[in-house]
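Read through the structure below, which is laid out as structure tokens, and then see the notes.
In our numbering, the protein residues as written are 6 to 140.
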């Protein structure tokens, strides 16, 4: 599992005074940086170096989050396929699971414009962060 703390910005709130639903995608993307580093350690974003493409995201809101209290984002690997993998994220505030979601990423060659198999060394590293229901 990877873990980051996010301090909500005042601008992350909406007229209902809770964290706006559009913010969650940004927080979950930020939480994937550690996974991005497994594929591209220096986080270079050139076509020659970047190796991932997003194909799907889902979010489920379970409880409201508010400005003034940090939010813990937990990130796991849910599934590893041949060329794709799924991350699973949870957003916790004040001991409450407030939101969860997934993202499907594909190991991708941007020059060839096609998916490629996840190498064994990267697969091994991703396996270290597999989601276990009891955590």
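Using N, Cα and C, we set each Cβ at its ideal position, and we do this for glycine too. This one's a predicted model, so the numbers in the text were calculated from it and none came from an experiment.
Contacting residues, own chain, Cβ-Cβ under 6 angstroms from residue i (five flanking each side not counted)
i, result
"residue 8", "79"
"residue 91", "83, 84, 107 and 109"
"residue 35", "none"
Nonlocal neighbours in the same chain, by C-beta distance under 7 angstroms from residue i, ignoring five residues either side
i, result
"residue 88", "111, 112, 120, 121, 122 and 123"
"residue 43", "127, 130 and 131"
"residue 56", "44, 45, 112 and 113"
"residue 117", "none"
Sheet register partners of residue i (DSSP bridge)
i, result
"residue 101", "98"
"residue 106", "64 and 94"
"residue 84", "91"
"residue 122", "Answer is none; residue 122 lacks a bridge partner."
Assigned secondary structure, residue i (DSSP; H/G/I helix, E/B strand, else coil)
i, result
"residue 36", "helix"
"residue 41", "helix"
"residue 8", "strand"
"residue 128", "helix"
"residue 31", "helix"
"residue 47", "coil"
"residue 15", "helix"
"residue 59", "strand"
"residue 135", "strand"
"residue 114", "strand"
Beta-carbon proximity list for residue i, same chain, < 8 angstroms, skipping 5 on both sides
i, result
"residue 128", "85"
Closer than 9 angstroms to chain C by CB, residue i
i, result
"residue 57", "No chain C is part of this structure, which consists of one protein chain only."
C-beta atoms of residue i and residue j nearer than 9 angstroms
i, j, result
"residue 136", "residue 102", "no"
"residue 96", "residue 77", "yes"
"residue 2", "residue 71", "Given that the chain is displayed from residue 6 to residue 140, the structure contains no residue 2 and the question cannot be resolved."
"residue 33", "residue 62", "yes"
"residue 134", "residue 58", "no"
"residue 6", "residue 75", "no"
Pair every Cβ in the stretch 64-75 with every Cβ in the stretch 37-52, then say whether three or more of these pairs are closer than 8 angstroms. Cβ pair count under 8 angstroms is below three, so no.
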